[in-house]
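Chains as they are written, first to last, in this note's numbering: chain U, 18 to 131; chain F, 18 to 131. Presented below is the structure to which this report refers.
Number of protein chains: 2
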Amino acid sequence: MEKTDAVAALAALAQDNRLDVFRLLVQAGPDGMPAGAIAEALDLAPNTLTFHFDRLRTAGLVTVRRDGRSMIYAAQFETMNDLLGFLTENCCGGAPCAPAAACKPARKRAKMPA
Amino acid sequence: MEKTDAVAALAALAQDNRLDVFRLLVQAGPDGMPAGAIAEALDLAPNTLTFHFDRLRTAGLVTVRRDGRSMIYAAQFETMNDLLGFLTENCCGGAPCAPAAACKPARKRAKMPA
DNA sequence: TCCATATTTCAACGAATATTGAAATACTGA
DNA sequence: TCAGTATTTCAATATTCGTTGAAATATGGA
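Next up, the structure:
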């Protein structure tokens, strides 16, 4: 991960509502949640939410897909893990450190067609 | 870790120069580095650097101690690890996920006097 | 086609942020 | 005490950010 990407991801997460959204999606897992459900869960205006989704998406932290009238947002776990790795990179100059991190969602729970 | 603290830490890291400073300190390990050395390494004006140190310190990401005329800044690994944990908390709703993270500096490398 | 639902786009506003330059403070050694 | 080094404080400025309100777009069903 490049520094630019890391700053973008950190900036995207460095805001109350966006952090809430992202954590909700992390907990929701790879299947994601429709925008409306998130708006209700967090009590946010739909346009405000769109604004925040855009930032998260630009930072590569979430993805969207359409399902009927709903937009389904899902966390991008790979980016999150890259970010965690970037922060701890070469910790203590390579000295004895328990490194790394990872939240690896159980590789697609067979919800998507083929 | 509280959400407020997480946002503060993320905001502190979400800036080019501060991210550089923090990573430099993470790599420097628990002994830290004098402000002057950091200023030189990253080519930053001393007053600008002070401003950024303040933010990192307020967020609990670094500590300072004086050593003669120098101020020695060091990364606060515990806060970093708490932050990583907070982001991955209850990942995928508790489903099969390799959780957590940690960069645990080898508990003081006996550089400080007794 | 017409209506309702779900979400996005656009313009505007106040608040917060990063950098700068000049001056102040704290410590060291002569 | 005096000069010099290391770092911090203060005020000013331009830029970016988050929220709101009104209007637009896209989808699904009658």
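Cβ coordinates follow ideal geometry from the N, Cα and C atoms, glycine included. Computed from a prediction, not measured in an experiment: that's the story for all the values here.
Item: Can the beta-carbon of Ala31 of chain U be found less than 8 Å from the beta-carbon of Leu27 of chain F?; Value: yes
Item: Nearest-angstrom Cα distance between Val38 of chain F and Ala54 of chain U?; Value: 39 Å
Item: With DSSP as the reference, label Pro47 of chain U as helix, strand or coil.; Value: coil
Item: Going by DSSP, what residue range makes up the beta strand (DSSP E) through Asp84 of chain F?; Value: 79-84
Item: Just to make sure I have the definition right: I need the residues of chain F whose C-beta is within less than 7 Å of the C-beta of Asn64 of chain U. Which are they?; Value: In chain order: nothing, as chain F lies at least about 22 Å away.
Item: According to DSSP, simplified to helix, strand and coil, what is Ala62 of chain U?; Value: coil
Item: Could you check the C-alpha separation between Ala56 of chain F and Thr67 of chain F for me, to the nearest Å?; Value: 10 Å
Item: Under a CB-based cut-off of 8 Å, is Glu57 of chain F close to chain U?; Value: no
Item: What is the DSSP secondary structure of Met97 of chain U, counted as helix, strand or coil?; Value: helix
Item: Would you identify the three-state DSSP class for Ala155 of chain U, choosing helix, strand or coil?; Value: It is not possible to answer for residue 155 of chain U, since the shown part of chain U is limited to 18 through 131.
Item: Going by DSSP, name the residue or residues bridged to Met88 of chain U.; Value: U:Arg83
Item: Less than 8 Å between the C-beta atoms of Ala52 of chain F and Ser87 of chain F, yes or no?; Value: yes
Item: Would you say Glu105 of chain F and Val43 of chain U are within 8 Å of each other, going by their C-beta atoms?; Value: Sequence check: residue 105 of chain F is Thr here, not Glu. Yes, Cβ-Cβ distance for Thr105 of chain F and Val43 of chain U is below 8 Å.
Item: Under the rule that 16 or more other beta-carbon atoms within 10 Å means buried, what is Thr96 of chain F, buried or exposed?; Value: buried
Item: When DSSP labels each residue in this structure, what does Ala54 of chain F get in the three-state scheme?; Value: helix
Item: Does Met18 of chain F come within less than 8 Å of chain U when only Cβ atoms are used?; Value: no
Item: Taking only the alpha-carbon atoms, compute the straight-line gap between Glu19 of chain F and His69 of chain U and give it to the nearest angstrom.; Value: 21 Å
Item: So what does DSSP say about Arg25 of chain F, is it helix, strand or coil?; Value: Correcting the residue identity first, residue 25 of chain F is Ala in this sequence and not Arg. In this structure, Ala25 of chain F counts as helix in the three-state DSSP scheme.
Item: Taking the alpha carbon of Leu36 of chain U as the point to measure from, which residue in F:Asp84, F:Phe103, F:Asp60, F:Thr80 has its own alpha carbon closest?; Value: F:Phe103
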